[in-house]
Every structure is written in C-alpha cells, then in structure tokens.
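Q: One structure, pasted below without further comment.
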C-alpha cells in the first residue's frame with residue numbers, strides 16, 4: 066500500500082496539472098470500488114475548478130470550488146495517471162478531463178481504492194480522518210508530542226509507529242528505515258522511547274520521508290508517479306528488503322553486521338542488530 070511519500074508524490078504531480086483547471090468532463094467506468102462512488106458523483110464534480118490538492122496521512126484531498134472535497138485513497142494498487150495519449154486500460158475506473166484537454170485516470174486493478182465526497186468544514190470530523198495523529202513533516206510533530214503519544218504503550222515501537230493515531234502516514238517500509246537511522250530496535254517497548262530516543266526518532270522520520278519524497282517514493286509493485294515515472298527511493302533503502310546484506314554503516318568493518326529479518330504482527334521487519342537497541 067502506498068505510504069506517505071508515495072501519496073505526497075502523487076499529490077504534487079496532480080497539483081502541477083490540475084490546480085486552476087476546470088473538470089470539463091468526468092466519466093465513471095466502474096463505480097464499485099472498495100465502496101461505491103457517491104450518488105450523483107459525475108454531476109457533483111463535473112464543471113468545477115480544482116483549487117488545491119494536498120494530503121492528510123495517506124489520503125489525497127482534491128479541493129474543488131464551492132468547498133467540495135474529493136477524498137481519494139489509492140488502496141493497494143491505485144494510480145492517478147496523466148494519460149498523455151496512452152490507450153485506455155480496462156482498469157481505468159474514473160476519468161477526469163480538464164478544460165485544457167488533459168486527461169487524468171484513476172486506475173486500480175484490485176479496486177481497493179476509494180473516492181468519496183465531503184465538504185471543507187467536515188474534513189476534521191470525517192470518519193476516515195478523525196483521530197489521525199500529527200503529520201510527521203509538520204510543525205506540530207516533535208519529540209515531546211511523540212513521547213506523549215507513546216506514553217504507557219506496552220507494544221513494540223514498530224507497532225506504535227504504524228498506528229495512525231500516533232503519527233500520520235507511516236507504513237512498514239518507512240518505519241523500518243526510520244528505526245534504523247534512529248538506532249532504535251523495533252522490538253523496544255514504545256513507552257521507553259522518550260527523551261533522546263524520541264528526538265532521534267523524530268529526526269530520522271523526517272530525514273527518511275524527505276529523502277523518499279525527493280526520490281518520488283518507492284516503486285515496489287504498483288506505485289508510479291502521475292507522469293508514469295517510477296519512484297527511486299527503493300535504491301536507497303538501508304535495511305528494508307536487505308536481509309543478509311551488510312549494514313551500510315559497518316560495511317567497511319572487518320566483520321560487518323548483517324541485516325536481520327524478523328516478523329512482527331505478521332509483517333517483515335528489517336534491522337541492524339548491532340546499532341539498533
């Protein structure tokens with residue numbers, strides 16, 4: 066499932082093409098996504114101008130004139146693609162054509178994605194958004210906020226950082242990478258990540274996410290940027306998917322530490338047993 070950097074990359078690519086443009090034509094080719102498209106979807110959005118596109122956690126928010134907001138989740142395999150004359154695909158479920166002739170397609174072969182409509186004033190209390198924690202790249206996320214969210218938690222820190230009420234938008238890849246750069250074991254109890262550990266975690270999370278966004282995210286299976294270009298951050302992973310390889314920070318040692326894979330809550334976790342404590 067796309068994580069924060071992939072969704073942010075999609076938002077930026079869409080914004081460059083859509084903001085200030087009118088949705089001259091909207092077509093739904095298959096309305097049965099994870100949940101059905103809202104009733105009257107085409108009539109409600111067709112003809113409106115896109116005023117802004119941003120993100121909350123892993124959700125795309127396409128803000129339209131009049132205060133209407135198109136809330137998009139890409140699910141497991143969803144893509145928002147700028148067509149550029151490409152032939153239609155049978156998994157193109159929703160098509161947006163702007164007043165300058167640009168065509169953006171929502172393609173999702175597993176149909177786990179969704180598109181919902183809400184209003185600006187209802188976003189904070191929307192069932193999918195209410196209770197989500199702070200944005201990790203925002204000013205409201207710092208060591209004190211993180212430590213407070215982790216207070217008393219007896220779960221491993223890996224599980225706590227995947228909890229969207231603790232911090233928004235993180236998934237398995239970027240939690241593994243952040244814990245590595247923070248020198249924190251994924252098995253450590255979340256409640257012990259206070260003080261300097263919380264400071265290191267915040268710095269590492271910001272570093273990993275910023276670098277991943279700059280690289281266009283990570284393309285494992287389905288993620289591509291709206292332009293169709295792949296993300297490249299997978300080439301910069303320090304530990305994720307690198308079981309048995311030398312740790313990047315001790316690769317020059319006479320006996321370098323090897324990246325280890327463990328399973329937590331049925332998910333693979335990758336770590337350096339020498340640095341992460």
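In our numbering, the protein residues as written are 66 to 342. Yeah, the Cβ is synthetic: ideal placement off N, Cα and C, and Gly gets one too.
From 85, 206, 342 and 311, pick the residue whose C-alpha is nearest to that of residue 164; which is it?
A: Of 85, 206, 342 and 311, the residue nearest in Cα terms is 85.
Q: Have a look at residue 124 and residue 80 and give me their C-alpha separation to the nearest angstrom.
A: The alpha-carbon atoms of residue 124 and residue 80 are separated by roughly 14 Å.
Q: Leaving out five residues before and five after residue 114 in sequence, what residues of the same chain have Cβ atoms less than 6 Å from its Cβ?
A: Cβ within range, chain order: 87 and 130.
Q: Quick check on this structure: which residue in 111, 247 and 205 has the alpha carbon closest to the alpha carbon of residue 160?
A: Ranking the options by Cα distance to residue 160, first place goes to 111.
Q: Does DSSP put residue 288 in a helix, in a strand, or in coil?
A: Three-state DSSP puts residue 288 in coil, outside helix and strand.
Q: So residue 219 and residue 256 are in contact, right, with Cβ under 8 Å, and what is the actual spacing, rounded?
A: Confirmed, about 7 Å.
Q: So residue 80 is in the alpha helix (DSSP H); what residue range does that whole segment cover?
A: That run of the alpha helix (DSSP H) goes 69-83.
Q: Give the DSSP-derived three-state secondary structure of residue 162 in the structure shown.
A: Three-state DSSP puts residue 162 in a strand.
Q: Got a sec? Which residues, its chain only, sit under 8 Å from residue 173 by beta carbon, not counting five neighbours each side?
A: So the qualifying residues of the chain are 98, 139, 140, 142, 143, 144, 156 and 158.
Q: Below 8 Å on the Cβ atoms is my guess for residue 162 versus residue 90; work out the distance and round it to an integer in Å.
A: That belief holds up - the Cβ atoms of residue 162 and residue 90 are roughly 4 Å apart, short of 8 Å.
Q: Check whether the Cβ atoms of residue 259 and residue 212 lie closer than 8 Å to each other.
A: Their beta carbons are under 8 Å apart, which means residue 259 touches residue 212 by this criterion.
Q: Is the beta carbon of residue 251 less than 8 Å from the beta carbon of residue 334?
A: For residue 251 and residue 334, yes; Cβs fall inside 8 Å.
Q: Hey, quick one: how far does the alpha helix (DSSP H) through residue 242 stretch, first residue to last?
A: Residue 242 -> alpha helix (DSSP H) spans 237-246.
Q: In whole angstroms, give me the CA-to-CA distance for residue 215 and residue 94.
A: Roughly 44 Å between the two C-alpha positions.
Q: Classify residue 183: buried if its beta carbon has 16 or more other beta carbons within 10 angstroms, exposed otherwise.
A: Flag for residue 183 reads buried.
Q: Figure out for me which residue from 232, 236 and 102 has the closest Cα to the Cα of residue 177.
A: Taking only the C-alpha atoms, the option nearest residue 177 is 102.
Q: Rounded to the nearest angstrom, what separates residue 337 and residue 181 at their Cα positions?
A: Using only the alpha carbons, I get a separation of about 41 Å.
Q: Thinking C-beta only, is residue 240 closer than 8 Å to residue 223?
A: Cβ atoms of residue 223 and residue 240: closer than 8 Å.
Q: Can you check which of these residues, 66, 132 and 75, is closest to residue 188 by C-alpha distance?
A: Residue 132 is the option with its Cα nearest to residue 188.
Q: Here's the rule I'm using: 16 or more other beta-carbon atoms within 10 Å means buried, otherwise exposed. How should residue 105 be labelled?
A: Exposed: under 16 other Cβ atoms inside 10 Å.
Q: Take residue 299 and list the residues in its own chain whose beta-carbon comes closer than 7 Å to its own, dropping the five residues that flank it on each side.
A: Once the five neighbours on either side are set aside, the close Cβ partners of residue 299 are 283, 284 and 285.
Q: Smallest Cα separation from residue 225: which of 75, 116, 330 and 78?
A: The shortest C-alpha separation from residue 225 is found at 330.
Q: How many angstroms separate the CA atom of residue 65 from the CA atom of residue 267?
A: Missing from the structure shown is residue 65; the chain here goes from 66 to 342 and no further.
Q: Please check the pair residue 307 and residue 324, which I expect to be a contact at CB under 8 Å, by giving their CB distance rounded to whole angstroms.
A: About 5 Å; that satisfies the 8 Å criterion.
Q: Rounded to a whole number of angstroms, what is the C-alpha to C-alpha distance between residue 316 and residue 134?
A: Roughly 49 Å separates the two Cα atoms.
Q: According to DSSP, simplified to helix, strand and coil, what is residue 87?
A: Here residue 87 sits in strand by DSSP.
Q: In this structure, does DSSP put residue 190 in helix, strand or coil?
A: Residue 190: coil per DSSP, three-state reduction.
Q: Would you call residue 294 buried or exposed, if buried means 16 or more other Cβ atoms sit within 10 Å of its Cβ?
A: Flag for residue 294 reads exposed.
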